[in-house]
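Asks: Here you go, one structure.
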Amino acid sequence: MSDVHFHPGYNAATLEYNIAVIRFNKGASDDYKSYISVGLYSHSVIFGDSACGESDKWLNYYTYLYPYAGFAVSVLGGSVDLFDVTGEFSIDTPDTNMFIVKPANINMSGKTLIGGDIFGSHFLRREIVTTPNLLGINGAILSKDGVATSCEIALIGSSAGFVSANCFEQEGSSSAKYKVLFYDAKNDSKPISYPLDMSDVHFHPGYDAATLEYNIAVIKFNKGASDDYTSYISGPYFEIEHSSYVLRSVDEETGKWKIPNNVEFQREDQDCPSWSGIYAKNDRVLLCTSLVQSPDDTKTGCPNPYSAIYSMTNGKIGIVGLYSHSVIFGDSTCGESVKWLSYYTYLFRYAGFAVGVLDRTIYSFDFGGEYSTTTSDTNMFIVNKPADINMSGKTLIGGNIFGREGSLEP
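Here's what the structure looks like:
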């Protein structure tokens with residue numbers, strides 16, 4: 066990747082300056098001329114019910130290459146050869162800012178934006194529309210010793226849920242007291258607090274605190290409650306319409322719920338496989354993003370990852386994944402110049418595990434509609450052993466980011 070040179074103005078969310086210059090076969094002599102004339106595919110905007118229906122309308126956008134000739138010269142040196150109706154010409158002056166790109170505000174309601182590798186499953190797909198309304202559905206977070214954590218609970222009804230296993234201190238060595246802070250959409254003022262005994266925290270039997278394989282637990286709380294509503298687990302992220310990264314929190318002064326901090330879903334970062342051995346060896350086990358909250362918006366005064374990913378498909382809101390851990394490259398975990406990659410656990414993989422713990426149906430949905438898991442299956446899928454990753458200069462943290470609990474130093 067050191068030979069992939071992204072334009073310094075590239076924005077993965079808006080697709081401004083969506084161009085890169087690459088080097089390969091570097092020992093070769095340039096014995097022929099390549100001419101720049103027109104463009105490369107950038108992205109598509111689709112209007113319709115899906116990205117695959119015959120009735121959908123597609124508009125495809127291609128990047129004119131000639132305005133980036135100066136950028137290529139700044140990377141490669143030499144000159145770039147072009148032609149038009151007047152004949153051949155060349156550009157030999159480095160100029161990254163040869164022109165300025167800025168998008169207008171566009172009404173994207175009912176439209177989907179995709180781009181990148183259309184053949185692959187990890188292409189960019191997002192809708193620039195209203196993100197899921199989390200004020201209208203129940204939710205929960207974990208508290209430790211009376212202090213709210215950053216750990217989201219993916220509710221399974223009103224008395225159970227998924228939690229990342231590294232949000233808890235190791236069993237048998239901790240006197241920490243945990244509670245579930247429940248958000249009731251019908252009475253959203255203050256959290257409803259439920260004690261959580263560690264005997265009701267069921268770690269996945271494959272969980273490894275060192276490598277973070279199977280980083281998931283199922284918890285039981287409020288055990289006398291009747292389940293009077295359905296909570297959904299969403300399908301894979303490339304099958305969802307509206308999605309966003311979310312962080313729930315409680316105001317320390319008032320004790321009331323804050324409006325959930327959420328931001329639109331974005332594509333995965335190119336460094337995701339090389340920074341995580343689990344991600345590199347497994348398909349659709351973890352999601353990954355470089356997206357973090359800015360220090361000005363966080364409790365810690367440092368960049369913070371979001372705690373969960375929610376989605377909306379066909380009017381239903383469900384949770385896609387829970388924050389697992391982050392890998393940070395830089396001199397500290399708090400500097401503005403450091404790069405974060407945060408990894409999220411796909412929950413639909415663990416439906417069979419939850420059925421085994423809770424002896425109840427787990428409900429999910431995707432573009433095809435609703436479906437349910439009723440069979441206990443802890444080994445519904447196997448996480449391949451992580452690849453060996455060069456962690457030089459990198460730091461691994463996870464769990465409760467507010468307190469930096471669960472930190473793992475490589």
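The opening residue of the sequence shown carries number 66 in the working numbering; numbering runs sequentially from there. Even for Gly, the Cβ is constructed at its ideal location relative to N, Cα and C.
(1) Based on the DSSP output, what are the partners of Asn369 in its beta bridges?
(2) Would you call the CB atoms of Val245 and Phe418 closer than 9 Å?
(3) Whose CA, out of Asn203, Trp340, Thr439, Pro370, lies closest to the CA of Pro451?
(4) At what residues does the beta strand (DSSP E) containing Leu387 begin and finish?
(5) Would you mind working out which of Ser429, Gly211, Gly383 sits nearest Ser309, comparing C-alpha positions?
(6) Which residue from Ile165, Phe413, Glu153, Asp157 puts its Cα closest to that of Tyr82?
(7) Out of Asp160, Gly211, Val350, point me to the one whose CA is closest to Ile281's CA.
(8) Buried or exposed: which applies to Met66, given that a residue is buried once 16 or more other Cβ atoms fall within 10 Å of its Cβ?
(9) What did DSSP end up calling Lys122 once you bin it into helix, strand or coil?
(10) Mapping the DSSP letters down to three states, classify Cys216 as helix, strand or coil.
(11) Between the alpha carbons of Asp265 and Asp424, how many angstroms are there, rounded?
(12) Hey, how far is the Cα of His70 from the Cα of Val140?
(13) Taking buried to mean at least 16 other C-beta atoms within 10 Å of its own C-beta, is Leu261 buried or exposed?
(14) In whole angstroms, give me the CA-to-CA distance for Thr426 and Tyr131.
(15) Can you tell me which residues form a DSSP beta bridge with Asp149?
(16) Would you call Arg313 buried or exposed, if buried means 16 or more other Cβ atoms sit within 10 Å of its Cβ?
(17) Quick check: what's the CA-CA separation for Thr151 versus Thr158?
(18) Excluding the five sequence neighbours on either side, which residues of its own chain have a C-beta within less than 6 Å of the C-beta of Ala250, listed in chain order?
(19) Are Phe227 and Leu387 close, meaning C-beta to C-beta below 9 Å?
(20) Between which two residues does the alpha helix (DSSP H) containing Gly208 stretch?
(21) Does DSSP put Ala230 in a helix, in a strand, or in coil?
(22) Starting from Trp322, trace the alpha helix (DSSP H) in both directions and tell me its first and last residue.
(23) Less than 7 Å between C-beta atoms, sequence neighbours within five positions excluded: which residues of the same chain meet that for Phe394?
(24) Quick check on DSSP: helix, strand or coil for Phe112?
(25) I'd like to know whether the C-beta atoms of Gly104 and Thr79 end up nearer to each other than 9 Å.
(26) In or out: Ala93 buried (at least 16 other Cβ within 10 Å) or exposed?
(27) Given this structure, state the Cα-to-Cα distance separating Phe89 from Ser407, to the nearest angstrom.
(28) Using a Cβ-Cβ cut-off of 7 Å (strictly less than) and excluding sequence neighbours within five positions of Leu220, which residues of its own chain qualify?
(29) Once DSSP output is grouped into helix, strand and coil, what is the label at Ser308?
Replies: By the coordinates alone:
(1) As a position in the sequence shown, residue 369 is number 304, starting the count at 1. Asn369 pairs with Gln358.
(2) As a working note, residue 245 is residue 180 in the sequence shown. As a working note, residue 418 is residue 353 in the sequence shown. No, they are not a contact pair.
(3) By one-based count along the sequence shown, residue 451 stands at place 386. Checking every option, the nearest Cα to that of Pro451 belongs to Trp340.
(4) In the sequence shown, counting from the first residue as 1, residue 387 sits at position 322. Start and end: 381-394.
(5) Indexing the sequence shown from 1 puts residue 309 at position 244. Of the candidates Ser429, Gly211, Gly383, the one whose C-alpha sits nearest the C-alpha of Ser309 is Gly383.
(6) If you number the sequence shown from 1, residue 82 lands on position 17. Cα-wise, what sits closest to Tyr82 is Ile165.
(7) To locate residue 281, count along the sequence shown from 1; it is residue 216. Nearest option by C-alpha distance: Val350.
(8) Reading the sequence shown from its first residue, position 1 is the one you call residue 66. Answer is exposed; the Cβ neighbour count stays below 16.
(9) What you label residue 122 is simply residue 57 of the sequence shown in a count that begins at 1. Looking at Lys122 - three-state DSSP - the assignment turns out to be strand.
(10) Counted from its first residue, the sequence shown places residue 216 at position 151. Here Cys216 sits in strand by DSSP.
(11) Numbered from its first residue, the sequence shown carries residue 265 at position 200. Numbered from its first residue, the sequence shown carries residue 424 at position 359. Asp265 and Asp424: Cα-Cα distance of roughly 14 Å.
(12) Taking the sequence shown and counting its residues from 1, the one referred to as residue 70 is at position 5. Taking the sequence shown and counting its residues from 1, the one referred to as residue 140 is at position 75. So the alpha carbons of these two residues sit roughly 7 Å apart.
(13) Within the sequence shown, the letter at position 196 stands for residue 261. So Leu261 counts as buried.
(14) Start at 1 with the first residue of the sequence shown, and residue 426 comes out as number 361. Start at 1 with the first residue of the sequence shown, and residue 131 comes out as number 66. Going from the Cα of Thr426 to the Cα of Tyr131 covers about 57 Å.
(15) For this step, residue 149 is matched to residue 84 along the sequence shown. Asp149 pairs with Gly152.
(16) In the sequence shown, the residue the question calls residue 313 occupies position 248. That one is buried.
(17) Here residue 151 corresponds to residue number 86 of the sequence shown, with the count starting at 1. Here residue 158 corresponds to residue number 93 of the sequence shown, with the count starting at 1. Each residue's Cα considered, the two are about 20 Å apart.
(18) Residue numbering aside, residue 250 sits at position 185 when the sequence shown is read from its first letter. Answer for Ala250: Gly201, Ile202, Asn203, listed in chain order.
(19) Indexing the sequence shown from 1 puts residue 227 at position 162. Indexing the sequence shown from 1 puts residue 387 at position 322. Closer than 9 Å, so yes.
(20) One-based indexing of the sequence shown puts residue 208 at position 143. Before going on, a small fix: residue 208 reads as Ser here, not Gly. Note, Ser208: premise wrong, no alpha helix (DSSP H); beta strand (DSSP E) at 204-209.
(21) Residue numbering aside, residue 230 sits at position 165 when the sequence shown is read from its first letter. It is helical.
(22) As a position in the sequence shown, residue 322 is number 257, starting the count at 1. Careful: Trp322 lies outside any alpha helix (DSSP H) and carries neither H nor E.
(23) Here the question's residue 394 lines up with position 329 in the sequence shown. Here the set comprises Val403, Lys404, Gly458, Lys459.
(24) For this step, residue 112 is matched to residue 47 along the sequence shown. Residue state, collapsed to three classes: strand.
(25) Counting from one through the sequence shown, the residue named residue 104 turns up at place 39. Counting from one through the sequence shown, the residue named residue 79 turns up at place 14. Their beta carbons are not under 9 Å apart, which means Gly104 does not touch Thr79 by this criterion.
(26) Position 28 of the sequence shown holds residue 93. Exposed, since its Cβ has fewer than 16 Cβ neighbours within 10 Å.
(27) For this step, residue 89 is matched to residue 24 along the sequence shown. For this step, residue 407 is matched to residue 342 along the sequence shown. Spanning the two alpha carbons is a distance of roughly 30 Å.
(28) Counting from 1 along the sequence shown, the entry for residue 220 is found at position 155. Same-chain partners within the cutoff: Asn203, Gly204, Ala205, Gly226, Ser296.
(29) In the sequence shown, the residue the question calls residue 308 occupies position 243. Reduced to three states, the DSSP call for Ser308 is strand.
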